[in-house]
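Have a look at the structure below before the remarks.
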Amino acid sequence: MLVSYPALFYYENSEGYEKGFSVFFPDFPNTSGTSGSTISESLEMASDYLGILLADDIEEDRELPKPSLISSLSLEQNNPFKDDPDFTLEYDTEQSFISMVSVDLSEYLGSNDPVKKTLVIPKWADRIGKELNLNFSKTLTEAIAEKKVGV
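Quick note, the sequence shown lines up with residues 1 to 151 if you use the UniProt record's numbering.
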């Protein structure tokens, strides 16, 4: 199941620091972030970080935030350190950007121990599922995760 959230990519090139992108998810304000040296690496790290965040929330039965509209976000207004008097995030406004980040959540939820369930479905659903060669367990698991995420 593919899930997407917007992320803020701040390109830092301050003297004394390694150049690269710091990535933050404004819909998860009480979490840290991740980083990468290049755009590709930071997108990959952001996707992995998002998968970990969402899987942890699902496993701990916490409500998942609704993804913000990317058009409602601003690097300046959504800067995670804007109200922190002890830290200033210095970033290059020309190279910083906002992007949607996607993750296949099923890859992060797949490590759970299986639980045997017995259920009843209509004959027509069984017939169609067999015609489609569906893995009923996988289909149900993905549907439950989709309900939780709200996609």
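Ideal Cβ positions, reconstructed from N, Cα and C, are used throughout, including at glycine.
- Looking at the backbone, the Cα of F25 and that of T139 are separated by about 29 Å.
- In the three-state reduction of the DSSP assignment, I98 falls in the strand class, which pools E and B.
- For E12, the uninterrupted beta strand (DSSP E) segment begins and ends at 2-12.
- In the three-state DSSP reduction, T38 falls in the coil class, being neither helix nor strand.
- Distance from the Cα of L69 is smallest, within the candidate group K117, V120, L132, L8, for L8.
- In the DSSP assignment, S22 is bridged to Y10, S35.
- Annotation: A55 to E41 spans about 21 Å, alpha carbon to alpha carbon.
- When only Cα atoms are considered, L105 and Y17 end up about 33 Å apart.
- Comparing alpha carbon positions, the residue from L134, P67, Q95 closest to V101 is P67.
- DSSP places Y108 in the uninterrupted alpha helix (DSSP H) bounded by 106-109.
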